[in-house]
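J.: Residue numbers 1 to 51, in the UniProt record's numbering, belong to the letters of the sequence shown in order.
All residues carry an ideal CB built from backbone N, CA and C; glycine is no exception.
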Amino acid sequence: MNEKMETDVIIVGPAPTGFALACQLIRYGVDFVIFDKKKASPIYRKIQRMD
Numbered sequence: 001m002n003e004k005m006e007t008d009v010i011i012v013g014p015a016p017t018g019f020a021l022a023c024q025l026i027r028y029g030v031d032f033v034i035f036d037k038k039k040a041s042p043i044y045r046k047i048q049r050m051d
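Pasting the structure below:
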């Protein structure tokens with residue numbers, strides 16, 4: 001991946017704590033990205049819909 005990306009927060013490994021953090025960041029309008037070894041999980045897809 002050679003793309004440049006700007007974000008306020010990087011979440012590495014979307015364990016339950018990472019998903020909880022993502023939910024809070026959405027509530028406060030903070031831009032974030034989640035990095036995981038696997039492709040997007042079903043839970044992550046649901047979080048995207050919360051936006």
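Applying the criterion that 16 or more other CB atoms from any shown protein chain within 10 Å of the CB defines a buried residue, is residue 64 buried or exposed?
T.: Nothing about residue 64 can be reported from this structure: the residues present for the chain run from 1 to 51 only.
J.: So the candidates are K38, G29 and K37; which of them puts its Cα closest to the Cα of M8?
T.: In the sequence under discussion, the amino acid at residue 8 is Asp, which differs from the Met named in the question. For the residues K38, G29 and K37, the minimum Cα distance to D8 belongs to G29.
J.: Would you tell me roughly how many angstroms separate the C-alpha atoms of G18 and F32, rounded to the nearest one?
T.: Distance between the alpha carbons of G18 and F32: 11 Å.
J.: Suppose the cutoff is 7 Å on Cβ atoms and the five residues either side in sequence are ignored; what does the same chain contact list for D36 look like?
T.: These residues qualify, in order along the chain: G13 and P14.
J.: Which partner residues does F32 have in the DSSP bridge list?
T.: Note: F32 sits in a beta bridge opposite V9.
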